[in-house]
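Report on one structure; see the data block that follows.
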Amino acid sequence: MEKGRKDSLSGTGLALSERGRPIGAGERNIRLVGDKKSGQLPGDLCDPMTHDVDLVILGAGSAGYVGAIRAAQLGMRVTILDPSPVGGTCLHDGCIPTKALLEVSGFLRSLAESARFGVSVSSSLPDPDKLSTFRSGIIDRLTRGIEFLFKKHGITHIRAKGTLVAPGIVRILDGTPREIRGRFVLLSTGSRPRPLPGLAFDGRQILSSTDLLRRSRFDGRVAIVGGGAIGCEFADILSAFGSRVFLLEKEPRILPLEDTELGEALARELSGMGVEVRTGVSSLTVVPGASDVSIRFGDGGGREEDVRVDAVLVAIGREPVTEGLGLENLGLATGKGGFLPLDPFGETSVRGLYAAGDLAGGYLLAHKASHEAIVAVEAMAGRNPRSLDPALVPRVVYTHPEVVSIGL
927 MEKGRKDSLS GTGLALSERG RPIGAGERNI RLVGDKKSGQ LPGDLCDPMT HDVDLVILGA
987 GSAGYVGAIR AAQLGMRVTI LDPSPVGGTC LHDGCIPTKA LLEVSGFLRS LAESARFGVS
1047 VSSSLPDPDK LSTFRSGIID RLTRGIEFLF KKHGITHIRA KGTLVAPGIV RILDGTPREI
1107 RGRFVLLSTG SRPRPLPGLA FDGRQILSST DLLRRSRFDG RVAIVGGGAI GCEFADILSA
1167 FGSRVFLLEK EPRILPLEDT ELGEALAREL SGMGVEVRTG VSSLTVVPGA SDVSIRFGDG
1227 GGREEDVRVD AVLVAIGREP VTEGLGLENL GLATGKGGFL PLDPFGETSV RGLYAAGDLA
1287 GGYLLAHKAS HEAIVAVEAM AGRNPRSLDP ALVPRVVYTH PEVVSIGL
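For the sequence shown, my numbering gives the first residue as 927, with consecutive numbering after it.
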């Protein structure tokens, strides 16, 4: 990093610096490059008369908004498009609201143990309306923070979808379609919860994590399909809020991507909270009914179990959002899992078209998405950034206790 004044990216945990005073809207301190080896731009990327802005970003989530701010700090003219509020999944339907609920669940567990310390507290569940206000207040405050940073850095934010019609050309779909030309385009449209095959989310009995977070009550009987980070965090939350929870995982242990000892230790902790953990689930049948959901699952050894629950939370992973981006107009195909093949700096096979965040695959984490966006933007600007090393991405499951890992 360069020495100088630090310019904080509030709400991201990142600090970026520039030389001397901030770069204003009328100043230019950037060397745009198309070929990362030669430092030479093809003619169509060099000519400022052929472009409206330096960078067009599709998606204002953890990758998009951080990339926009970093690009503006480097003197680039930036337009970012997203029909949803800024902040993306992490801020509105993922990390932030989930961690707010985990803060409450941890507090409830502390209350339950207060008698050990001679403190008498009448245990009660949180008021749904006040809990919703608490959660919404955090989200609203952070959203306003990002909007302020956009204004501060002169970033144009358009609440609309965009689609690629040609290299560097994005059609804005906001009722009066028009086109904007950028030297570079960054795709950062994120991901969404992956449904069970043949069983669509209905928001009532078959829930995604997004559906569950939009509820104000969290009691009843719930089966969670998937024992990864999302499934384990919601098992913690729901059990603290009074739900009877079944946590179902097809692998021999929960947190299957982490070390064996970590998954086994967390399973013991969750079981102690009253969560009924079932691993090695090899068969699963889910039948929604008029008032509840019937579930049958087996372990491959001939043993089957039947339970009835009020809702099923499907937490089997996420899938990238690429439809409507116009990739076919550029002859660009997705790779395994629907993710975009990229070079180490986030560039696709189309010159000047980059992607960051969940579209890139790997760990679908907000801080990883933000870092990828910074790498991509600095590559555009000829800053020769260091590419992301996946082995150095820290991972945290915010259960009680938390599970932290980094490295292999």
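Glycine included, C-beta positions come from ideal geometry on N, C-alpha and C.
All figures in this text were calculated on a predicted structure; none of them were measured in a lab.
To which residues of the same chain is C1021 closer than 6 Å at the C-beta, ignoring the five residues directly before and after it? Taking the sequence shown and counting its residues from 1, the one referred to as residue 1021 is at position 95. Excluding residues up to 5 positions away in sequence, A1292 lie with their Cβ nearer than 6 Å to the Cβ of C1021 in the same chain.
Let me know the secondary structure DSSP gives H1018 once reduced to three states. Sequence index remark: in the sequence shown, residue 1018 carries index 92 (1-based). In the structure shown, H1018 sits in a helix (DSSP, three-state: H, G or I).
In or out: Q966 buried (at least 16 other Cβ within 10 Å) or exposed? Residue mapping note: residue 966 aligns to position 40 of the sequence shown, counting from 1. Reliability fails at Q966, whose pLDDT of 41 lies under 50, so the model's placement of it is uncertain and the value that follows must be treated cautiously. Here Q966 is exposed. Its C-beta has fewer than 16 other C-beta atoms within 10 Å.
Determine the DSSP secondary structure at R996, reduced to helix, strand or coil. Here residue 996 is taken as the residue at index 70 of the sequence shown, counted from 1. Of the three classes helix, strand and coil, the one that applies to R996 here is helix, per DSSP.
Going by the CB atoms, is the gap between G1088 and G1108 shorter than 8 Å? For the purposes of this step, residue 1108 is taken as the residue at position 182 of the sequence shown. For the purposes of this step, residue 1088 is taken as the residue at position 162 of the sequence shown. No, they are not a contact pair.
Residues near A989 by beta carbon distance below 7 Å, same chain, minus five either side: As a first step, residue 989 must be located in the sequence shown, where it is residue number 63. Closer than 7 Å at Cβ, skipping near neighbours: S1114, A1282, G1283, A1295, S1296, E1298 and A1299.
Using the beta-carbon count (16 or more within 10 Å), is K1176 buried or exposed? Your numbering for residue 1176 matches position 250 in the sequence shown. Buried.
Within a Cβ cutoff of 7 Å, which residues of the same chain sit near R1179, ignoring the five residues on either side of it in sequence? Taking the first residue of the sequence shown as 1, we reach residue 1179 at position 253. Answer for R1179: T1186, G1189, E1190, A1193 and T1205, listed in chain order.
How is the alpha helix (DSSP H) around R1194 delimited, first residue to last? The residue given as residue 1194 occupies position 268 in the sequence shown. Counting along the chain, the unbroken alpha helix (DSSP H) around R1194 starts and ends at T1186 to G1198.
Proximity of G1146 and A1237 at Cβ, strictly below 8 Å: Looking up residue 1146 in the sequence shown gives position 220. Looking up residue 1237 in the sequence shown gives position 311. With respect to A1237, G1146 sits close: the two C-beta atoms are nearer than 8 Å.
Taking DSSP as the reference, what is the three-state secondary structure of S1114? On the sequence shown, position 188 is the one that residue 1114 refers to. Note: S1114 maps to coil in three-state DSSP.
Leaving out five residues before and five after E1159 in sequence, what residues of the same chain have Cβ atoms less than 8 Å from its Cβ? In the sequence shown, counting from the first residue as 1, residue 1159 sits at position 233. The residues T1024, L1028, V1323, Y1324 and T1325, in chain order, have a CB closer than 8 Å to that of E1159 in the same chain once the five nearest residues on each side in sequence are set aside.
Look at I1084 and T1005 and say whether their C-beta atoms are less than 8 Å apart. Position 158 of the sequence shown, counting from 1, holds the residue named residue 1084. Position 79 of the sequence shown, counting from 1, holds the residue named residue 1005. It is a contact, given that the beta carbons lie within the stated cut-off.
DSSP state of E1175 mapped onto helix, strand, coil: Within the sequence shown, the letter at position 249 stands for residue 1175. If DSSP states are grouped into helix, strand and coil, E1175 belongs with the strands.
Measuring alpha carbon to alpha carbon, tell me which residue in P1054, R1003, D1225 and L1268 is nearest L1139. The count along the sequence shown starts at 1 and reaches residue 1139 at position 213. Nearest C-alpha to L1139: P1054.
Thinking F1144 and L1164 are a contact (beta carbons under 8 Å), I'd like their distance in whole angstroms, please. The count along the sequence shown starts at 1 and reaches residue 1144 at position 218. The count along the sequence shown starts at 1 and reaches residue 1164 at position 238. At roughly 6 Å, the Cβ-Cβ gap stays under 8 Å, so F1144 and L1164 are in contact.
Proximity to D1066 [Cα-Cα], best of V1047, P1011, L1099 and L1051: Locating residue 1066 in the sequence shown gives position 140, where the first residue counts as 1. Closest in alpha carbon position to D1066, among V1047, P1011, L1099 and L1051, is P1011.
Entirely enclosed alpha helix (DSSP H) segments - the region 1076-1138, minimum 4 residues: As far as the region 1076-1138 is concerned, it has no whole alpha helix (DSSP H) run of at least 4 residues.
C-beta atoms of L1112 and A1302 nearer than 8 Å: Position 186 of the sequence shown, counted from the start, is the residue given in the question as residue 1112. Position 376 of the sequence shown, counted from the start, is the residue given in the question as residue 1302. Cβ distance < 8 Å, so L1112 and A1302 count as in contact.
Helix, strand or coil at L1210 [DSSP, three-state]: Here residue 1210 corresponds to residue number 284 of the sequence shown, with the count starting at 1. Of the three classes helix, strand and coil, the one that applies to L1210 here is strand, per DSSP.
Leaving out the 5 sequence neighbours to the left and right, which residues in its chain are closer than 6 Å to D978 when beta-carbon positions are compared? One-based indexing of the sequence shown puts residue 978 at position 52. Within the same chain, D978 has close Cβ partners I1106 and R1107.
Taking DSSP as the reference, what is the three-state secondary structure of I1180? Counting from 1 along the sequence shown, the entry for residue 1180 is found at position 254. The answer is coil: DSSP assigns I1180 none of H, G, I, E or B.
What do you get for V1203, buried or exposed, if any count of 16 or more other CB atoms within 10 angstroms of its CB means buried? Position 277 of the sequence shown holds residue 1203. A residue is called buried once 16 or more other Cβ atoms fall within 10 Å of its Cβ, and V1203 is buried on that count.
How is the alpha helix (DSSP H) around G1157 delimited, first residue to last? Looking up residue 1157 in the sequence shown gives position 231. First-last of the alpha helix (DSSP H) with G1157: A1155 to A1166.
If you draw a straight line from the alpha carbon of L1253 to that of A1259, how long is it in whole angstroms? For the purposes of this step, residue 1253 is identified with residue 327 of the sequence shown, where counting begins at 1. For the purposes of this step, residue 1259 is identified with residue 333 of the sequence shown, where counting begins at 1. C-alpha separation (whole angstroms): 7 Å.
How many Å lie between V1330 and E1273 at the Cα? Taking the sequence shown and counting its residues from 1, one reaches residue 1330 at position 404. Taking the sequence shown and counting its residues from 1, one reaches residue 1273 at position 347. Straight-line Cα distance between these residues: approximately 30 Å.
To the nearest angstrom, how far is it from the Cα of L971 to the Cα of G1278? Here residue 971 corresponds to residue number 45 of the sequence shown, with the count starting at 1. Here residue 1278 corresponds to residue number 352 of the sequence shown, with the count starting at 1. Because L971 carries a pLDDT of 47, less than 50, the predicted location of this residue cannot be relied on, and the following value inherits that uncertainty. Roughly 8 Å between the two C-alpha positions.
Give a yes or no on whether the C-beta atoms belonging to L1181 and A1086 are separated by under 8 Å. Here the question's residue 1181 lines up with position 255 in the sequence shown. Here the question's residue 1086 lines up with position 160 in the sequence shown. No, the Cβ-Cβ distance between L1181 and A1086 is not below 8 Å.
Who are the near neighbours of S1197 in its chain, counting only those whose CB is closer than 8 Å to its CB and skipping five residues on each side? Within the sequence shown, numbered from 1, the residue matching residue 1197 stands at position 271. So the qualifying residues of the chain are V1203.
Would you tell me roughly how many angstroms separate the C-alpha atoms of R957 and D1128, rounded to the nearest one? Translated into positions along the sequence shown, residue 957 becomes position 31. Translated into positions along the sequence shown, residue 1128 becomes position 202. At R957, the pLDDT of 44 sits below 50, so the modelled position is not reliable and the matter cannot be decided from this model.
Could you tell me which of L1051, L984, V1148 and F1076 sits nearest to G1116, measuring between CA atoms? Counting from 1 along the sequence shown, the entry for residue 1116 is found at position 190. Per the Cα distances, L984.
Could you check whether T1069 and G1013 sit closer than 8 Å to each other, using their CB atoms as the reference points? Here residue 1013 corresponds to residue number 87 of the sequence shown, with the count starting at 1. Here residue 1069 corresponds to residue number 143 of the sequence shown, with the count starting at 1. G1013 is a Cβ neighbour of T1069, given a cutoff of 8 Å.
Cβ neighbour criterion (16 or more within 10 Å) applied to T1015: By one-based count along the sequence shown, residue 1015 stands at place 89. Classified as buried, T1015 has 16 or more neighbouring CB atoms from the shown chains inside 10 Å of its CB.
If contacts are defined as beta-carbon pairs under 8 Å, then P1119 and V1240 qualify, I think. What distance do you get, rounded to the angstrom? The sequence position of residue 1119 within the sequence shown is 193, counting from 1. The sequence position of residue 1240 within the sequence shown is 314, counting from 1. Contact between P1119 and V1240 is confirmed by a C-beta separation of about 7 Å, below the 8 Å threshold.
Mind checking whether A998 and I1081 have CB atoms under 8 Å apart? Translated into positions along the sequence shown, residue 998 becomes position 72. Translated into positions along the sequence shown, residue 1081 becomes position 155. Yes, these two residues count as a Cβ contact at 8 Å.
Considering only residues of the same chain and omitting the five flanking positions on each side of V1319, which have a CB-CB separation below 6 Å? The count along the sequence shown starts at 1 and reaches residue 1319 at position 393. Within the same chain, V1319 has close Cβ partners Y1289 and K1294.
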